[in-house]
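Residue numbers (my numbering), protein chains in the order written: chain A, 1 to 112; chain B, 1 to 112.
Okay, here's the thing in C-alpha cells:
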C-alpha cells in the first residue's frame, strides 16, 4: 500500500544551523511528493511539491530532492530561522486512489 | 488564491448530540476532504469526495458521515458526538487529487 514515514516527531535546532527533515515513502506507482507546513493556530499550506521532470523544488529557502532509488523526499534548508518553527508534513499522492497520504508530521523548533 | 471557508470556527457540543460542520469552497475544485487533527496524530483523513452527491470513506470514518450536495459544499456530520471526537477539523479542496490541497481555517470542536 501507499504510506509516508517521518521518523522524527520533534526536531530542535539553534538558529543558523542547517535543517533536514526526513521523509521516506512506499508507493506502487510513481507518486507526487509534497511538503506542507503548519504554523501554530494556522491551517496547513503547501511548501513544496515534487516535479515530474526531476527538477528540485525550492521555496522560502527550503528545498527537497525526490530520490526514487531510496524512496525519499527529505526537506532541507541551509540556515534555520526562528520563523521556521512549525509542524511539517510530508505527503504522497500516488497515481491512483483519488487521495493523498500524509505522514505523522515533524515539529521543528528553532531556538535563538 | 484558493478560498476554503469553514463554519463554525469553534463549537462546544454535548455528548450524544448531533454536530454538523460545514465547508464551502469557491475554487471550482472537484475534490474535497475532511481531516481531523489531534496532538500526536497529525492529519487523519475522515471522508473525501470527488464529485457532488458522492462521498468516500477515508482512514477513520467510524462515527462520522459526510454529505456533498454540490461541488462547492461538503459537510461532516457527527450523529452522536462523543468525547473522543474532540479535535480540530480541517476541510480541504484540490482540483485533482495530485494537486495542491487548500485548507480551510479549521473548526475546534469540544465535546463535553
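No residue lacks a Cβ here, since even glycine has one placed at the ideal position from N, Cα and C.
Check	Outcome
Contact residues within the stretch 34-49 of chain A, judged by C-beta distance below 7 angstroms to chain B	43, 44, 45, 46, 49
Residue burial classification, residue 20(A) (beta-carbon count within 10 angstroms, cutoff 16)	exposed
Min CB distance residue 50(B) to chain A below 8 angstroms	yes
Contact test: residue 27(A) Cβ vs the ligand SAM heavy atom, cutoff 7 angstroms	The ligand SAM is absent from the structure shown, which contains no ligands of any kind.
Residue environment, residue 50(A), which counts as buried when at least 16 other CB atoms sit within 10 Å	buried
Pairwise C-alpha distance: residue 104(B) and residue 23(B)	8 angstroms
Length of the line joining the Cα atoms of residue 59(A) and residue 47(A)	7 angstroms
7 angstroms Cβ shell around residue 101(A) - same chain, five flanking residues per side excluded	2, 3, 4, 91, 92
Residue-level contact to chain B via CB, residue 93(A), 8 angstroms cutoff	yes
Status (buried if at least 16 other CB within 10 Å, exposed otherwise) for residue 39(B)	exposed
For residue 42(B) and residue 104(A), believed in contact at Cβ under 8 angstroms, the rounded distance	4 angstroms
Contact between the stretch 75-91 of chain B and the stretch 25-35 of chain A (3+ Cβ pairs under 8 angstroms)	no
Residue 56(A) at chain E interface by Cβ criterion, 8 angstroms	Among the protein chains in the structure shown, which are A and B, there is no chain E.
Short-range partners of chain A found in the stretch 46-79 of chain B, where Cβ spacing is below 8 angstroms	48, 50, 56, 58
Contact set for residue 72(A): own chain, Cβ-Cβ below 7 angstroms, skip 5 residues either direction	23, 24
Reduced DSSP category for residue 84(A) - H, G, I as helix; E, B as strand; rest coil	helix
Nonlocal neighbours in the same chain, by C-beta distance under 6 angstroms from residue 7(A), ignoring five residues either side	22
Proximity of residue 60(B) and residue 77(B) at Cβ, strictly below 8 angstroms	no
Residues that residue 100(B) contacts on chain A, provided the C-beta gap is smaller than 7 angstroms	46, 49
7 angstroms CB neighbourhood of residue 5(B) in its chain, flanking five on each side removed	24, 104
Sub-8 angstroms separation of residue 74(B) and residue 37(B) beta-carbons	no
Whole-number beta carbon distance between residue 48(B) and residue 31(B), since they are thought to touch under 8 angstroms	7 angstroms
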